[in-house]
Structures are given as C-alpha cells and as structure tokens.
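14 is the number of the first residue of the sequence shown in my numbering; add one for each residue after it.
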Amino acid sequence: MKREIPVAIVFVSGVVMIVQFYVGSLNFLGDLFAKWGQVIVAFAYVLGAASLIVVNGHKIQRLAPGWTYNLVLLISLLITLYLGLFSHLLWPGYPGHKPIEEGTVWSWLFQYIFTPLSSTMFSLLAFYMASAAFRAFRARSTESTLLLATALFMMVFRVPLGELLWNGAGLYHLVDVGWFIDTFVMGGFNTAGQRAVLLGASIGLISVSLKIILGIERSYLGGGD
Numbered sequence: 014m015k016r017e018i019p020v021a022i023v024f025v026s027g028v029v030m031i032v033q034f035y036v037g038s039l040n041f042l043g044d045l046f047a048k049w050g051q052v053i054v055a056f057a058y059v060l061g062a063a064s065l066i067v068v069n070g071h072k073i074q075r076l077a078p079g080w081t082y083n084l085v086l087l088i089s090l091l092i093t094l095y096l097g098l099f100s101h102l103l104w105p106g107y108p109g110h111k112p113i114e115e116g117t118v119w120s121w122l123f124q125y126i127f128t129p130l131s132s133t134m135f136s137l138l139a140f141y142m143a144s145a146a147f148r149a150f151r152a153r154s155t156e157s158t159l160l161l162a163t164a165l166f167m168m169v170f171r172v173p174l175g176e177l178l179w180n181g182a183g184l185y186h187l188v189d190v191g192w193f194i195d196t197f198v199m200g201g202f203n204t205a206g207q208r209a210v211l212l213g214a215s216i217g218l219i220s221v222s223l224k225i226i227l228g229i230e231r232s233y234l235g236g237g238d
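As structure tokens, then:
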C-alpha cells in the first residue's frame, strides 16, 4: 500500500490538473490542489532545514574534514531564519512592518552578502564554460568545425571591436555585419534552433509526465522501480 497510495494520489492529481484546463467546472479542484501543493512544499522546506541542521551538526560534532564550512552554513542558516521570522521582536517598527522589506537587516544581508556571493559563484562558471568550450570546439569533424566557426564569428562580431575590424577592412559596403547577425543569425538560425530544442524538450516532458501519471515511471518513489 505504501506504493499504491502515492501512485493513486499522483494519478488523480495529474488527471485533475490536466482536465481542469478544459472543463471549467473543475477549476476549483485545480485551485484546491495548488493550495495543497503549497502546504506540502512548506512542510518539505521545514523537513529540509531540519535535515540540513542534523547532518551538518553531526559533521561539526565529529570534526569531520571541512567541518568549518558546515559551521558557516549552519550559522548562516540560523541567522537568516531568525532575522526573517523573529526580527520584529527586536525591532518592532511601525504597524504593518515586514522584517524582509527594504532597509531591514535581512534585506541588508541579502543585498550585500548573498547577492555578491551568488555573483561570485556564477562568475566562476565562466572558467568551466571556457574549458568545456575548448574541448567541444575542436575541429574533429564537419559538425564541430561548423560549431567552431559559428562560435568564433559570434564572439568576434557581437562586440564593437569586431564591427570596427569589419568596417576597417573596407567590407562594410558588402553587408552591415551587425544587421546580418541580428536579422539572419540571431533572428533566423538561432531562433529556429531554439524552437526545435524547445519542441523536443516539450515532447519529452509530456512523455515523462504521462508515464508518471499512469504509474509507469515510479522512480520518484525510491527503490529503483
């Protein structure tokens, strides 16, 4: 029963959420299920935070390798939770005061600590992207050669320096390189490729969703079924 009940819940929920788009009288069920989903997500956040505290607490207690990072994570988690939930006890503020609005300590932490750290993490991805691009853009076949040529063309001529070199070489009378990229490359080839990828991903998403709703795909239950 521990597998049949979750599968039945998923089946009923999935069918209702699909049918309510076509049967107006079932819209209230769709709204009800959406609210239930929000409640479940809220409980999942609580369980996730509790699990995070327990797992990292054990590592800190054992002084496992890298335990200082676990300590920083726990301190950051607890401070953020406290400021978001209970800062009104320390700074009551005015009627209607929200502890996460502009000008509060929570907002300051988010703006001047979390946002710069996030930007730093994303900037580090540039090095991994450059490494992956170097490996992917090796001209080993016709397709990889086309990919390499297209990448070089876009990297050079999407910046002012490329257009300056193009015009400086006296080729501006042949074609406006900026207009060509915006109209044909980005507006034509790129858009067509994006739509093809999006269409393929949508078909795959529909297929996986139907398999989950019908109970064919049960890996989300655990156990590898």
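Even glycine gets a Cβ: it sits at the ideal position worked out from N, Cα and C.
Query                                                                                                                                                                                            : Result
Just verifying my parser: in three-state terms, what is the DSSP assignment at G213?                                                                                                             : helix
If you measure between the beta carbons of F46 and S26, is that distance less than 7 angstroms?                                                                                                  : yes
What are the start and end residues of each continuous alpha helix (DSSP H) run of 4 or more residues lying completely inside the region 24 to 110, in chain order?                              : 40 to 75, 80 to 103
If we ignore side chains and look at the alpha-carbon of each, how far apart do F34 and E17 end up?                                                                                              : 26 angstroms
Check G206 in the structure and name its three-state DSSP category.                                                                                                                              : helix
Can you tell me whether N40 is buried or exposed? The criterion is at least 16 other CB atoms within 10 Å of its CB, across all chains shown.                                                    : exposed
Buried or exposed: where does L212 fall if 16 or more other Cβ atoms within 10 Å of its Cβ makes it buried?                                                                                      : exposed
Do you know offhand how far M134's Cα is from I226's?                                                                                                                                            : 37 angstroms
Where does V169 fall in DSSP's three states?                                                                                                                                                     : helix
Identify, in the order they occur along the chain, each residue of the same chain with its Cβ nearer than 6 angstroms to the Cβ of L87, setting aside the five sequence neighbours on each side. : N69
Which residue marks the beginning of the alpha helix (DSSP H) containing S144, and which one marks its end?                                                                                      : 128 to 149
Does W119 pass the burial test, meaning 16 or more other C-beta atoms within 10 Å, or should it be called exposed?                                                                               : buried
Between Q51 and the rest of its own chain, which residues show a CB-CB distance below 6 angstroms, the 5 nearest in sequence each way excluded?                                                  : none
Can you tell me whether L96 is buried or exposed, with buried defined as 16 or more other CB within 10 angstroms of its CB?                                                                      : buried
Can you tell me where the alpha helix (DSSP H) with S120 in it begins and where it stops?                                                                                                        : 118 to 122
Taking Cβ to Cβ, would you say L223 is nearer than 7 angstroms to P19?                                                                                                                           : no
Decide if the region 162 to 171 is in contact with the region 193 to 202; the criterion is three or more beta carbon pairs, one per stretch, under 8 angstroms apart.                            : yes
Would you call W192 buried or exposed, if buried means 16 or more other Cβ atoms sit within 10 Å of its Cβ?                                                                                      : exposed
Less than 7 angstroms between the C-beta atoms of I73 and L91, yes or no?                                                                                                                        : no
On the criterion of 16 or more Cβ atoms from any shown chain inside 10 Å, does W241 qualify as buried, or is it exposed?                                                                         : One cannot answer for residue 241 here, as it falls past the ends of the chain, which runs 14 to 238.
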